[in-house]
Amino acid sequence: MGYDAEQLRRDEFERLESSTGYPVYRWKIGGKEPDGTPTRIGKWTFQTRMVRDIVLDHIDGRVLNACAGETHLSEYKRGVEFVRNDIDESRDADYHYDVRIIDWMLEHEWESFDAVVFDPPFDPGRAAKLYEGWHATEYTNARNAVGNLVKPGGVVVELGWNTYGLGDKEGWEREAWYDYPQASFKGDVHLTVDRKINQTGLADW
Numbered sequence: 000m001g002y003d004a005e006q007l008r009r010d011e012f013e014r015l016e017s018s019t020g021y022p023v024y025r026w027k028i029g030g031k032e033p034d035g036t037p038t039r040i041g042k043w044t045f046q047t048r049m050v051r052d053i054v055l056d057h058i059d060g061r062v063l064n065a066c067a068g069e070t071h072l073s074e075y076k077r078g079v080e081f082v083r084n085d086i087d088e089s090r091d092a093d094y095h096y097d098v099r100i101i102d103w104m105l106e107h108e109w110e111s112f113d114a115v116v117f118d119p120p121f122d123p124g125r126a127a128k129l130y131e132g133w134h135a136t137e138y139t140n141a142r143n144a145v146g147n148l149v150k151p152g153g154v155v156v157e158l159g160w161n162t163y164g165l166g167d168k169e170g171w172e173r174e175a176w177y178d179y180p181q182a183s184f185k186g187d188v189h190l191t192v193d194r195k196i197n198q199t200g201l202a203d204w
């Protein structure tokens, strides 16, 4: 990883006062990437180091990247078994399932992953172009589906335009929330970390 995670939290994020019981960090998008290009959260989220390194800091073991896209997280963290899923069959992935039903497509994998990275197409324009219109309005079914694949004690790291996550569902608790403000004409990107504290199957609702 490009950063020492604890030093990153101390020096780069603004830690917000919170009554929620879990830490909230705020980090304005800016600066430059290692290759000198301006830092922004674009089409491939994990090409942005300040997001990618936080995700990698929260995952270990056997990890499902549920909407993998082009970025291979294995290039940035060793000792982790990454399983890649992307609905686009042209992508380099182990599976090409609709994430909304991935728990049923991988029924033999229920509660087998130490972590899931859930970064669906939360931009409606990109969703219409790349994912036949599927986007953040249908998070709930997909969120429940990936939650079923996580072991008790495992985590779901989710990115999107909101902070709903799994943390408010029975059997889960929120561990952290990262807020990435962007330009004034774009909404903040939120990264949430929710841990599964009990064995539970989540119905679609």
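Counting from 1, position 173 in the sequence shown corresponds to residue 172 in numbering that gives the first Met the number 0; the numbering is continuous, with no gaps. Glycine included, each C-beta is placed from N, C-alpha and C at the ideal position.
Item                                                                                                                                   : Value
Contacts around residue 186, its chain only, beta-carbon distance under 7 Å, and the 5 residues preceding and following it disregarded : 160
Residue 156 - DSSP class collapsed to helix/strand/coil                                                                                : strand
According to DSSP, residues forming a beta bridge with residue 84                                                                      : 94
Collapsed DSSP secondary structure at residue 64 in the structure displayed                                                            : strand
DSSP bridge partner residues for residue 171 (one or two, in chain order)                                                              : 195
Simplified DSSP assignment, three categories, for residue 129                                                                          : Low confidence applies to residue 129: its pLDDT is 48, below 50, so where it sits in the model is not reliable, and the reading given next is rough at best. Helix, per DSSP.
Classification of residue 6 by the beta-carbon crowding that lies within 10 angstroms, buried from 16 upward                           : Its pLDDT being 45, under 50, residue 6 is placed unreliably by the model, and nothing is read from it.
The region 140–149 touching the region 104–119, judged by at least three CB pairs closer than 8 Å                                      : yes
Residue 195 beta carbon less than 9 Å from that of residue 176                                                                         : no
Length of the line joining the Cα atoms of residue 167 and residue 153                                                                 : 16 Å
N-terminal and C-terminal residue of the alpha helix (DSSP H) that residue 138 is part of                                              : 138–147
Straight-line gap, residue 190 to residue 146 (C-alpha atoms, nearest Å)                                                               : 16 Å
CB contact flag (residue 62, residue 112, <9 Å)                                                                                        : yes
Enclosing beta strand (DSSP E) for residue 116 [first to last residue]                                                                 : 112–117
Option in 23, 151 and 93 with minimal Cα separation from residue 53                                                                    : 23
Three-state secondary structure assigned by DSSP to residue 187                                                                        : coil
Sub-9 Å separation of residue 51 and residue 67 beta-carbons                                                                           : no
Residue 103 - DSSP class collapsed to helix/strand/coil                                                                                : helix
Three-state class that DSSP yields for residue 77 in the structure shown                                                               : coil
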